[in-house]
Every structure is written in C-alpha cells, then in structure tokens.
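S.K.: One structure follows; several queries about it will come next.
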Amino acid sequence: EYPDLIDPSPGRWVGSKAGGVLGKVRFLYFSPREYVVIFGSPPGTQGFSGRYKHVDIHKFLLAGQIDSYDLESEDTMPLPTLHPG
Numbered sequence: 311e312y313p314d315l316i317d318p319s320p321g322r323w324v325g326s327k328a329g330g331v332l333g334k335v336r337f338l339y340f341s342p343r344e345y346v347v348i349f350g351s352p353p354g355t356q357g358f359s360g361r362y363k364h365v366d367i368h369k370f371l372l373a374g375q376i377d378s379y380d381l382e383s384e385d386t387m388p389l390p391t392l393h394p395g
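Under this note's numbering, the first residue of the sequence shown is numbered 311, with each subsequent residue one higher.
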C-alpha cells in the first residue's frame, strides 16, 4: 500500500547500545513521529527497555525469547516468557 515508505534495499546494520543491550539495528522507515527498525542480538542480552509516555510500542519477536520482570512490584517473580508464534 505504501511502497515508497519502506526501504527494500539491503541496508547497513548499525551498532547500538541502549539500556545495556548491545546489538545491531536496521532502520526500515523513520519520520519525525515514528520509526520501524529491526533489532538483532545473537547472544542472550538484557537491559532496560525504557519507559514510554504517550507513544505506542509494538515488539515483534522473530526468533529467541523475551524475558521480562516487574521491578516495581514486591513480588519479583518473572513474568511469562514471550516466544515466537
């Protein structure tokens, strides 16, 4: 529907370290108000993903898993692990 917005060429992956998470990102689309990136990290990694106010965040998992914890609760049990599918 919007063929000129997504960059189909094999682009450059850029190193990124955010919140203690080390990986590489590939920007597919960005504008002043939104962006679409692919983030990859071959080894297991962990870090703070940030607190977002007044924005919608969508995470799509293609492979591996995402572990998360509620650090503000007195019950520090892990939340359910996310798997692809």
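We put the beta carbon where it would ideally sit given N, CA and C, even for glycine. Small disclaimer: the values here were computed from a predicted structure and weren't measured.
Give me the Cβ distance between Lys334 and Gly350, rounded to the nearest whole Å; I'm assuming they're in contact under 8 Å.
M.R.: Right, their Cβ atoms sit about 5 Å apart.
S.K.: Since Gly325 contacts Arg336 with CB under 8 Å, what's their CB separation in whole angstroms?
M.R.: Not a contact, Cβ separation roughly 11 Å.
S.K.: Run through DSSP, which three-state label would Arg336 get?
M.R.: Strand, per DSSP.
S.K.: Look at the Cβ atom of Ile348, then the Cβ atom of Leu332, and state whether they are nearer than 8 Å.
M.R.: No, Cβ-Cβ distance for Ile348 and Leu332 is not below 8 Å.
S.K.: Spatial neighbours of Lys345 within its chain, please: CB distance less than 7 Å, with the 5 preceding and 5 following residues excluded, ordered by chain position.
M.R.: First, the residue type needs correcting, since residue 345 is Tyr and not Lys in the sequence shown. Taken in chain order, the residues that qualify are Phe337, Tyr339.
S.K.: Look up Ser326 in the DSSP assignment and give the residues it is bridged to.
M.R.: Paired residue(s): Gly333.
S.K.: If you run the structure through DSSP and keep just helix, strand and coil, what is Gly350?
M.R.: Strand, per DSSP.
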